[in-house]
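> The number in our numbering is simply the position in the sequence shown, starting from 1, with 2 added. Ideal Cβ placement from N, Cα and C applies to all residues, glycine included.
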Amino acid sequence: MRNYTLIAGLILVIAGAAQAESDNMAPPAKGHDFGHHMFEKMDADNDGNISKEEHEQGLQQMLAKRRAHFATMDSDGNGLVSKDEAQAAAGKMRDKFHEKRRDCGSETKK
């Protein structure tokens, strides 16, 4: 049971990082926070309010991203993510993150 809890926690951490990476989110500007960013993303018609429909649509989009990420982690396609698969996915994400940081650093030096 402890292993399942560990794997579930690792999946949630990886999924959160994947969400941030997939959205290409830069750190919020001063005075702004993640909640503000999410509100703006969900307010599809930019009326300053989130309708029930906009909320549901936002949830569906997040769920689709989470499912895609799970499928990416499930490298053998058996519908399960093993601890090894989760760790491998975390390593790949970490490598991509570091690669992006290196690329950004080299672009600013040019």
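#1: Is it the case that the Cβ atoms of Met95 and Glu87 are separated by a distance below 8 Å?
#2: Figure out for me which residue from Cys106, Gln59, Glu58 and His71 has the closest Cα to the Cα of Ala92.
#3: My understanding is that Ala46 touches Glu56, with C-beta atoms under 8 Å, so please give their C-beta distance in whole angstroms.
#4: Can you name, in chain order, every residue of its own chain whose Cβ lies under 6 Å from the Cβ of Gly60, other than the five neighbours on each side?
#5: Whole angstroms are fine: how far does the CA of Asp97 sit from the CA of Gly81?
#6: Between the Cα of Asn51 and the Cα atoms of Lys102, Arg68 and His38, which residue gives the shortest distance?
#7: Which runs of the beta strand (DSSP E) fall wholly inside the segment 57–108 and span at least 3 residues, in chain order?
#8: Between the beta-carbon of Lys85 and the beta-carbon of Ile13, is there less than 8 Å?
Taking the structure as given:
#1: Going by C-beta atoms, Met95 is not nearer than 8 Å to Glu87.
#2: His71
#3: 5 Å
#4: Met44
#5: 25 Å
#6: His38
#7: none
#8: no
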